[in-house]
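A short worksheet on the structure shown next.
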Amino acid sequence: MLVAVAAGGPGLVERLGGEALAGRFEQVQRAAPGVVHSARFDPEDPPPGDESDLSADLARYGTVIENAAPAALRGSLVLDSTRIALPTVDADVAGGALLSLVYASDAPGRAAYVAGRAPRARGQVVELAVSERTRDALRLRVGQRVDLRGGALTNVQAVGRVVGVYRAEGGGHGPQGDGEQGDGERAHQRLWSEKPLLSRPLPGPAGTAPDAGALIAPRAAEVLQNQADAELTVEWNMRLDLRGETAARFVGDSGALDFQRLMARYPIAAKEAFCNVETYGGKWCVLGTHPASELESDTELTGVFEEFRTRWRQANVVMSFAPASLLGVGLAAVVVTSLLVVRRRLDGDRLRRARGASATALALGRAAESAPAAVLGAGIGCAVAAAVPGSSPAYGQGLTVALVCWLLLPALTWFAVRDRAVLRERAPRGGGRRLVVEALVVLLAAGGVLALRARGTEGAAGPDPLLAVVPVLLGLATVAVLVRCYPLPVRAVARWSARGRGAVALVALSRAAKEAPARGLALLVLVVTLAGAVFGGLVLGTLVEGRHTAAAWRVGADASFLGAERDPGTAERLARARGVRKTVTVRQVRVDPVSGRDGGRYGISSLVGVDGAKLRAAAPGSSAARALQDAGLTRGGRGRDIRVLASEGRTGDLLTFTRLGKETRLRIVGTLPDDVARDAALGPLRDATTSRQHLLVADNRDLHAFKAAEFEGSALLLYGARMDTEALRSLVPRAAPGAAGGELRIRAEEQAEADDDRLIAAVAAAHTACTALAVLLALVALVLELLLSAPARGRTTAYLRTLGLGGRAASALHLLQLLPLVLAAVAGGVALGLALPSLLGPALELREFTGGPAAPARHVDALFTAALAAGLCLLAAAAVGVETWLGRRRGLGAVLRLGRADDH
10 MLVAVAAGGP GLVERLGGEA LAGRFEQVQR AAPGVVHSAR FDPEDPPPGD ESDLSADLAR
70 YGTVIENAAP AALRGSLVLD STRIALPTVD ADVAGGALLS LVYASDAPGR AAYVAGRAPR
130 ARGQVVELAV SERTRDALRL RVGQRVDLRG GALTNVQAVG RVVGVYRAEG GGHGPQGDGE
190 QGDGERAHQR LWSEKPLLSR PLPGPAGTAP DAGALIAPRA AEVLQNQADA ELTVEWNMRL
250 DLRGETAARF VGDSGALDFQ RLMARYPIAA KEAFCNVETY GGKWCVLGTH PASELESDTE
310 LTGVFEEFRT RWRQANVVMS FAPASLLGVG LAAVVVTSLL VVRRRLDGDR LRRARGASAT
370 ALALGRAAES APAAVLGAGI GCAVAAAVPG SSPAYGQGLT VALVCWLLLP ALTWFAVRDR
430 AVLRERAPRG GGRRLVVEAL VVLLAAGGVL ALRARGTEGA AGPDPLLAVV PVLLGLATVA
490 VLVRCYPLPV RAVARWSARG RGAVALVALS RAAKEAPARG LALLVLVVTL AGAVFGGLVL
550 GTLVEGRHTA AAWRVGADAS FLGAERDPGT AERLARARGV RKTVTVRQVR VDPVSGRDGG
610 RYGISSLVGV DGAKLRAAAP GSSAARALQD AGLTRGGRGR DIRVLASEGR TGDLLTFTRL
670 GKETRLRIVG TLPDDVARDA ALGPLRDATT SRQHLLVADN RDLHAFKAAE FEGSALLLYG
730 ARMDTEALRS LVPRAAPGAA GGELRIRAEE QAEADDDRLI AAVAAAHTAC TALAVLLALV
790 ALVLELLLSA PARGRTTAYL RTLGLGGRAA SALHLLQLLP LVLAAVAGGV ALGLALPSLL
850 GPALELREFT GGPAAPARHV DALFTAALAA GLCLLAAAAV GVETWLGRRR GLGAVLRLGR
910 ADDH
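The sequence shown begins at 10 in my numbering and counts up one residue at a time.
Dropping the structure here:
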């Protein structure tokens with residue numbers, strides 16, 4: 010088992026990382042394509058009337074772009090859809106409507122149509138397909154004529170005809186008009202998410218026509234383009250679908266460089282395959298019969314990959330403690346097993362020593378006897394490691410562990426039969442040597458912690474020996490302290506129990522206190538096992554809660570719209586959306602003021618404006634709103650100075666900076682409380698900018714002189730317990746890479762993504778598997794440790810049984826004798842597991858993993874910790890039960906000398 014863990018652990022961790030990376034890419038691409046290639050094209054040249062098949066041209070160039078993918082990503086980087094979105098046109102329907110026309114190669118097939126069929130090319134007639142909701146809202150029917158006139162697409166006068174009505178909740182997938190089935194529902198959900206008007210219409214502001222969407226064929230886009238003499242844009246949307254095995258090769262440092270090179274080369278290769286001409290902004294390329302620009306590419310995958318790498322490095326640190334604890338417990342179990350073998354053969358070995366055999370010869374003989382078992386174990390462990398799919402076993406580490414396990418038995422044999430051990434067996438042993446060893450262990454543990462805190466873990470490649478050995482050293486130090494401390498209260502309880510009538514408690518507790526130093530290995534196994542489990546639960550709980558906190562920080566409210574000042578129309582419509590109860594505007598501008606007192610630079614700062622009164626009403630617990638109200642800033646100022654709360658500075662100080670050629674003055678009216686910088690209301694803007702030296706907070710009433718273009722960022726916070734997120738997404742769909750416009754963030758969506766974090770799932774899987782194996786090894790080690798001391802305990806039990814001790818009292822004696830050890834292990838393991846994050850300090854920086862304004866607060870699951878402690882007690886009870894069952898198989902004659910004294 011230990012060889013399998015050592016050899017297969019790194020590969021398995023790498024595979025978990027690959028699955029987490031693939032899951033992260035899948036999560037990002039659920040509502041937006043991973044890579045977007047786009048080209049602008051003009052109306053047909055030669056003029057209309059010549060043969061043109063834009064649908065075939067789009068498919069042909071899509072295949073060319075897909076085939077330009079690097080060989081390492083071929084089959085994974087696939088064409089997902091081809092889209093052409095036209096500017097809106099006015100539709101002559103009942104009440105009027107603004108119609109957004111879209112060609113989408115991933116539109117639903119025949120199985121999704123409840124009436125009619127998909128649009129086709131039909132001369133100068135524009136065939137339309139609409140959703141059921143659009144049909145009902147605009148009162149359309151199949152076959153109805155719809156006149157299309159210029160809206161945003163000017164100079165248009167075309168005849169449209171409704172030819173189909175589709176179901177916008179799924180259906181067959183394939184080219185428009187065919188009936189092929191596939192994973193269409195998921196593809197359609199992406200289409201409805203990226204183009205929500207195709208799924209449902211959107212009511213316009215009071216007195217205006219609603220917005221709706223309709224599907225068209227490529228030829229219809231050409232017809233309208235030729236009439237409007239407009240430039241259109243075609244997008245080829247690519248998806249990167251990595252399997253766990255393929256993604257695993259990109260997890261390491263060398264693989265990360267390979268991925269970056271591949272993603273940097275692919276746009277260049279696609280551009281050359283599309284048109285190997287430098288156009289310098291012109292349209293010297295062709296798309297069928299259309300003059301076209303060169304191919305442009307945008308992707309978010311490289312940024313997502315860099316973010317994942319940062320989080321993966323920290324996750325690797327967290328996961329490394331699990332196999333380190335498991336190996337520590339396993340090696341302790343091997344030591345206990347070897348000691349049991351040495352103890353059982355000690356009499357025979359001493360007889361051989363008396364007959365002239367050397368200690369080295371006995372040790373070599375024991376090594377030769379155990380070599381077949383060691384070779385078999387190493388072979389099975391390496392085979393198990395090799396059987397893990399998609400991983401590269403670290404055979405060197407596995408063989409090293411096998412060698413250590415093999416050498417332990419001959420080493421302990423030599424130590425037990427060496428000359429000093431044989432000649433001075435009965436000599437009294439002083440406690441000085443033991444004290445020195447314990448002090449050395451404590452010093453080594455402290456030194457390892459200090460070295461790890463000073464060095465950190467950034468930039469470490471591959472396994473970190475120091476990081477792996479520190480938990481074991483801390484476990485040894487904890488055991489050294491416990492062995493010295495826990496016998497004291499046990500002796501006190503034993504003295505108190507002597508006042509009673511029964512002898513079971515007195516005998517059990519007295520022996521427990523006396524044998525405490527000999528229980529070091531068992532205590533180490535229990536402490537390390539429990540500490541690893543508690544530490545894993547603590548970290549996982551902290552990561553989950555930290556991700557939720559970071560999601561709330563990114564959004565700032567129930568929902569938020571970033572870019573509200575640049576798109577006030579959309580912001581106004583969002584504020585009137587169903588379920589939105591209150592709105593708050595937050596704005597930010599970068600300033601570099603100087604002190605009005607001495608003319609020195611104050612430092613680059615973020616000046617954040619908040620609607621203090623509205624925020625207080627919408628979020629009563631907001632620290633920013635409370636600070637503004639307490640300082641009296643929510644009532645607005647009458648002077649020309651902008652009153653601010655500053656993270657640094659004296660009350661009454663004046664700061665000045667130049668704005669539009671004029672001097673602007675900031676008056677510090679108070680110190681900004683520390684918790685304001687972590688207020689979620691400021692999160693959407695502060696999360697989008699780099700950290701700055703100072704933070705200045707003012708009420709928006711004092712920033713009335715600023716124009717919208719002067720703010721580097723603005724956000725409209727939306728509050729409402731029952732907001733219609735589907736309606737919000739209809740107003741602001743998820744933006745594709747490179748798209749302009751504001752960004753809508755919804756807390757429910759962000760928290761759903763946090764709950765679906767594959768990286769946290771990988772950490773949980775590693776800790777769960779290692780904890781389960783460690784518990785199994787701990788049980789084995791504990792039973793073996795009990796078997797080591799079974800002869801002495803058996804003699805004591807036999808003496809008491811001759812005095813009338815019953816079977817149940819004997820079991821109680823065994824359990825009570827083990828109880829102090831278990832309680833000490835519970836106390837030490839829980840304390841060490843909870844203290845590990847503080848001891849490791851900067852080496853365990855979880856903020857990079859979770860994000861958010863600060864390091865996540867530790868989340869201790871009391872129920873989980875109590876369950877672990879109870880599980881350890883059950884483990885000890887199971888070990889006592891096994892040992893008692895084995896003891897009942899021995900008669901009194903096996904442990905007592907029976908017969909007359911003169912028989913020998």
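Yeah, the Cβ is synthetic: ideal placement off N, Cα and C, and Gly gets one too.
Remember, it's a predicted structure, so these values are computed and weren't measured experimentally.
The alpha helix (DSSP H) spanning residue 101 covers which residue range? That residue, residue 101, is in no alpha helix (DSSP H); it is neither H nor E in DSSP.
In the DSSP assignment, the beta strand (DSSP E) including residue 674 goes from what residue to what residue? Segment 671 to 680, the beta strand (DSSP E) holding residue 674.
Three-state class that DSSP yields for residue 297 in the structure shown: In this structure, residue 297 counts as coil in the three-state DSSP scheme.
Sequence ranges, beta strand (DSSP E) only - wholly within the region 115 to 154, length at least 3: Taking only runs of at least 3 residues, the beta strand (DSSP E) segments lying wholly in the region 115 to 154 are 122 to 125 and 134 to 140.
Please classify residue 40: does DSSP put it in a helix, a strand, or coil? Reduced to three states, the DSSP call for residue 40 is coil.
Flag this pair as yes or no: are the beta carbons of residue 125 and residue 155 separated by less than 8 Å? Cβ atoms of residue 125 and residue 155: not closer than 8 Å.
Which residue's Cα is closest to the Cα of residue 478: 457, 323 and 670? Checked all of 457, 323 and 670; the closest Cα to residue 478 is 457.
Using only the alpha-carbon positions, how far apart do residue 665 and residue 317 sit? Near 41 Å, if we compare the C-alpha coordinates of residue 317 and residue 665.
Counted within 10 angstroms of its Cβ, other Cβ atoms place residue 914 as buried (16 or more) or exposed: Past the edges of the chain, shown from 10 to 913, lies residue 914, and the structure says nothing about it.
Helix, strand or coil: which one does DSSP assign to residue 660? In this structure, residue 660 counts as coil in the three-state DSSP scheme.
Within its chain, find whatever has a CB closer than 8 Å to the CB of residue 35; leave out the 5 residues flanking it on each side and keep chain order. Take residue 35, set aside five residues on each side of it, and the residues of its chain with a beta-carbon closer than 8 Å to its own are 250, in chain order.
Would you report the Cα separation of residue 543 and residue 525, rounded to the nearest angstrom? Cα to Cα, residue 543 sits roughly 24 Å from residue 525.
Pick out whichever of 586, 600 and 624 has its Cα sitting closest to the Cα of residue 565. If we check each option's Cα against that of residue 565, 624 comes out closest.
Rounded to whole angstroms, how far is the Cβ of residue 207 from the Cβ of residue 219, which I believe are closer than 8 Å? Not a contact, Cβ separation roughly 14 Å.
Tell me the DSSP secondary structure of residue 93 in three-state form. The three-state reading of DSSP puts residue 93 in strand, counting E and B together.
Output yes or no for whether 8 Å exceeds the beta carbon distance between residue 363 and residue 387. No, these two residues do not count as a Cβ contact at 8 Å.
Got a sec: does the ligand NAD put a non-hydrogen atom nearer than 7 Å to the Cβ of residue 516? For the ligand NAD, the structure offers nothing, since it holds no ligand at all.
Tell me where the alpha helix (DSSP H) around residue 759 begins and ends. Per DSSP, the unbroken alpha helix (DSSP H) holding residue 759 starts and ends at 756 to 764.
At least three beta-carbon pairs within less than 8 Å, the region 705 to 723 to the region 617 to 632: A contact exists between the region 705 to 723 and the region 617 to 632.
What are the partner residues of residue 728, as DSSP defines its beta bridges? Under DSSP, residue 728 forms a beta bridge with 591.
Label residue 402 either buried or exposed according to how many other C-beta atoms from any shown protein chain fall within 10 Å of its C-beta, with 16 as the threshold for buried. Buried.
Under 8 Å between the Cβ atoms of residue 534 and residue 342? Result yes, Cβ atoms of residue 534 and residue 342 sit closer than 8 Å.
Kindly indicate which three-state DSSP category residue 46 falls into: helix, strand or coil? Here residue 46 sits in strand by DSSP.
Check the C-beta distance from residue 279 over to residue 46 and give it rounded, since I have them as a contact under 8 Å. That belief holds up - the Cβ atoms of residue 279 and residue 46 are roughly 6 Å apart, short of 8 Å.
How long is the line joining the alpha carbons of residue 857 and residue 319, rounded to whole angstroms? In this structure, the CA atom of residue 857 is about 7 Å from the CA atom of residue 319.
Tell me residue 197's beta-bridge partners as DSSP assigns them. Paired residues: none, contrary to the question.
Relative to the C-alpha of residue 38, which residue among 725, 88, 25 and 495 is closest? Considering only alpha carbons, the answer is 88.
For residue 640, which residues in the same chain have their Cβ closer than 7 Å to its Cβ, ignoring the five residues on either side in sequence? If we look at residue 640 and ignore the five residues flanking it on each side, its Cβ neighbours are 654, 678 and 679.
Would you mind working out which of 488, 522 and 485 sits nearest residue 502, comparing C-alpha positions? For the residues 488, 522 and 485, the minimum Cα distance to residue 502 belongs to 522.
Would you list the residues sitting across from residue 166 in a DSSP beta bridge? Answer is 158, bridged to residue 166.
Quick check: residue 237 and residue 128, are their CB atoms within less than 8 Å of each other? The answer is no: Cβ separation not under 8 Å.
Going by other Cβ atoms of all chains shown within 10 Å of its Cβ, with 16 needed for buried, is residue 277 buried or exposed? Under this definition residue 277 is an exposed residue.
Give me the DSSP bridge partner(s) of residue 581. None; residue 581 has no bridge partner.
Opening and closing residue of the alpha helix (DSSP H) in which residue 627 lies: Its alpha helix (DSSP H) spans residues 621 to 627.
With DSSP run on the structure shown, which of helix, strand or coil describes residue 615? Note: residue 615 maps to strand in three-state DSSP.
How should residue 671 be labelled, buried or exposed, when 16 other C-beta atoms within 10 angstroms of its C-beta is the threshold for buried? Within a 10 Å sphere around the beta-carbon of residue 671 sit fewer than 16 other beta-carbons, which makes this residue exposed.
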